[in-house]
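Peer 1: Mind having a look at this structure? Questions to follow.
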Amino acid sequence: MGVDLSDLVEDVKAEINLAELRGKKVSIDAYNAIYQFLTAIRQPDGTPLIDSQGKITSHLSGIFYRTINLMENGIIPIYVFDGKPPELKSAELQRRKKIKEEAEKKLEKAKEEGKTTELKKYSQMATRLTNEMADEGKKLLKSMGIPIVEAPSEGEAESAYINAIGLSFATASQDYDSLLFGAKNLIRNLTITGKRKLPNKDIYVEIKPERIELEPLLKKLGITREQLIDIAILIGTDYDPSGIKGIGPKTAYRLIKKYGRIEKIIEANEIPKNSIDFDINQIRQLFLNPNVKKPEENLDLQNPEEQEIIEILVNQHNFNEERVKSALERLNKAIKETKGLSRQTGLDQWF
DNA sequence: CTGCTGTA
DNA sequence: TACAGCAGG
């Protein structure tokens, strides 16, 4: 989970048409995307898609079809994979692990009792993204000719950095953390089909892609990125998951506007000093100067290796060959058109 | 989440 | 053609 800044971005977020992204590169936090596929691509009883060996394949289905859809819309995704998480994230990762272990227990119980709604809920909560799944995703994307980047640390930070130095038009993520990391242009809800299921309910709502630009956001709020980061720290980030008790986005914003920075808020006795049991400066640095690198990887599209894709999806994971082949036709057509787009604009960079 | 099929 | 409902692996 990232920090919840939804209340603060309300006024600057704008719905966008996918057409606006035609011919543009978009960097994507791969873990974020894969995790969504793992939780969403399931049967009504909560079982994920699996191959004949019982191995989960939901992530491969999601990556494959979503990527082709993006390409058909002229959008070139750059998938950014996580490296080693920062030390400061270990408490949060531990917390998530514990939640999953509890969900696994409840899942077993629900199985025994045959409660289907519980079954679905807990199997989603128990979802784990393994290194093997990430590796399979990388391999599939490579064979599709899609650029991938291996981040030194957090994928979301690297994706934001790629955007900040102009190697992508936008960064796509569900979390707002990208903005804290300095992304200029954040796109949320980057999906093609507009319907999405509400959590734990069988209701579908229309979801449209939206854009939030960092500079207009800061201008509108009348604060600096440093101050936005302080707001996030007060609310709670992955590095201080519980934040300050009783402080949400609105209060955090008000306090930062009034006092400028967290230390001053403490001095003014607006929050108890002992409510901060973490190193503020260390967290600030993780957002302001994250461990990122200029990608050495080639960020241009390559030609897809069809045989390799069929080997992975059909031979190894029991995807339907005809479905895969028809999707590959769409991919090839999309690549031709996208290359045509770049020729028309006379640029070899796809902007 | 996304693709595909059946229905009007 | 458009869209609901189910299947995918």
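Residue numbers (UniProt numbering): 1 to 351. For glycine and all other residues, C-beta sits at the position ideal for the given N, C-alpha and C.
Using 10 angstroms around the beta-carbon of residue 185, count the other beta-carbons present and answer buried if the total reaches 16, otherwise exposed.
Peer 2: Sequence index remark: in the first sequence, residue 185 carries index 185 (1-based). It counts as buried.
Peer 1: Provide the residue span of the alpha helix (DSSP H) that contains residue 7, from first to last.
Peer 2: Indexing the first sequence from 1 puts residue 7 at position 7. It spans 6 to 9 - the alpha helix (DSSP H) in which residue 7 sits, taken as one unbroken run.
Peer 1: Would you tell me roughly how many angstroms separate the C-alpha atoms of residue 265 and residue 107, rounded to the nearest one?
Peer 2: As a working note, residue 265 is residue 265 in the first sequence. As a working note, residue 107 is residue 107 in the first sequence. If I take the Cα positions, the gap works out to 44 Å.
Peer 1: From the DSSP output, read off the bridge partner residues of residue 186.
Peer 2: By 1-based counting over the first sequence, the position of residue 186 is 186. Note: residue 186 sits in a beta bridge opposite 171, 212.
Peer 1: Between the alpha carbons of residue 100 and residue 123, how many angstroms are there, rounded?
Peer 2: Position 100 of the first sequence, counted from the start, is the residue given in the question as residue 100. Position 123 of the first sequence, counted from the start, is the residue given in the question as residue 123. Straight-line Cα distance between these residues: approximately 9 Å.
Peer 1: Which same chain residues end up closer than 6 Å to residue 261 when comparing Cβ atoms and leaving out the 5 residues on each side of it in sequence?
Peer 2: Locating residue 261 in the first sequence gives position 261, counting from the first residue. Once the five neighbours on either side are set aside, the close Cβ partners of residue 261 are 230.
Peer 1: Taking just the CA atoms, how far does residue 183 sit from residue 219?
Peer 2: In the first sequence, the residue the question calls residue 219 occupies position 219. In the first sequence, the residue the question calls residue 183 occupies position 183. For residue 219 and residue 183, the distance between alpha carbons rounds to 15 Å.
Peer 1: Which of the three DSSP states, helix, strand or coil, is assigned to residue 27?
Peer 2: Numbered from 1 along the first sequence, position 27 holds the residue referred to as residue 27. It is a strand residue.
Peer 1: Considering residue 64, what are the terminal residues of the alpha helix (DSSP H) in which it resides?
Peer 2: Position 64 of the first sequence, counted from the first residue, corresponds to residue 64. That run of the alpha helix (DSSP H) goes 58 to 72.
Peer 1: So what does DSSP say about residue 37, is it helix, strand or coil?
Peer 2: Reading the first sequence from its first residue, position 37 is the one you call residue 37. Helix at residue 37.
Peer 1: So what's residue 22 in DSSP terms, helix, strand or just coil?
Peer 2: Counting from one through the first sequence, the residue named residue 22 turns up at place 22. DSSP places residue 22 in coil when its eight states are reduced to three.
Peer 1: Given that a residue counts as buried once 16 or more other Cβ atoms are within 10 Å of its Cβ, and exposed if not, what is residue 200?
Peer 2: Mapped onto the first sequence, residue 200 falls at position 200. Low confidence applies here, because residue 200 scores a pLDDT of 48, under 50, leaving its location unreliable; read the following figure in that light. Exposed, by the Cβ-count rule.
Peer 1: Does the pairing of the stretch 312 to 328 with the stretch 154 to 172 give three or more beta-carbon distances under 8 Å?
Peer 2: no
Peer 1: Please state whether the Cβ-Cβ distance between residue 137 and residue 30 is less than 8 Å.
Peer 2: For the purposes of this step, residue 137 is taken as the residue at position 137 of the first sequence. For the purposes of this step, residue 30 is taken as the residue at position 30 of the first sequence. Yes, these two residues count as a Cβ contact at 8 Å.
Peer 1: Who are the near neighbours of residue 139 in its chain, counting only those whose CB is closer than 8 Å to its CB and skipping five residues on each side?
Peer 2: Numbered from its first residue, the first sequence carries residue 139 at position 139. Once the five neighbours on either side are set aside, the close Cβ partners of residue 139 are 312.
Peer 1: Considering only DSSP beta bridges, list what residue 309 is partnered with.
Peer 2: In the first sequence, residue 309 corresponds to position 309, counting from 1. None; residue 309 has no bridge partner.
Peer 1: Using alpha carbons as the reference points, say which of 245, 162, 181, 50 lies closest to residue 133.
Peer 2: For the purposes of this step, residue 133 is identified with residue 133 of the first sequence, where counting begins at 1. Checking every option, the nearest Cα to that of residue 133 belongs to 50.
Peer 1: Could you check whether the stretch 266 to 274 touches the stretch 19 to 36, counting it as contact only if at least three pairs of C-beta atoms, one from each stretch, sit closer than 8 Å?
Peer 2: no
Peer 1: Do residue 171 and residue 157 come within 8 Å of each other at the CB atom, strictly closer than that value?
Peer 2: As a position in the first sequence, residue 157 is number 157, starting the count at 1. As a position in the first sequence, residue 171 is number 171, starting the count at 1. Result no, Cβ atoms of residue 157 and residue 171 do not sit closer than 8 Å.
Peer 1: On the three-pair Cβ rule with 8 Å, is the stretch 323 to 340 touching the stretch 291 to 309?
Peer 2: yes
Peer 1: Quick one: what's got a C-beta closer than 7 Å to residue 71's C-beta in the same chain, skipping five residues either side?
Peer 2: As a working note, residue 71 is residue 71 in the first sequence. If we look at residue 71 and ignore the five residues flanking it on each side, its Cβ neighbours are 331, 334, 335, 338.
Peer 1: So, with DSSP's three-state summary, where would you put residue 79?
Peer 2: What you label residue 79 is simply residue 79 of the first sequence in a count that begins at 1. Strand.
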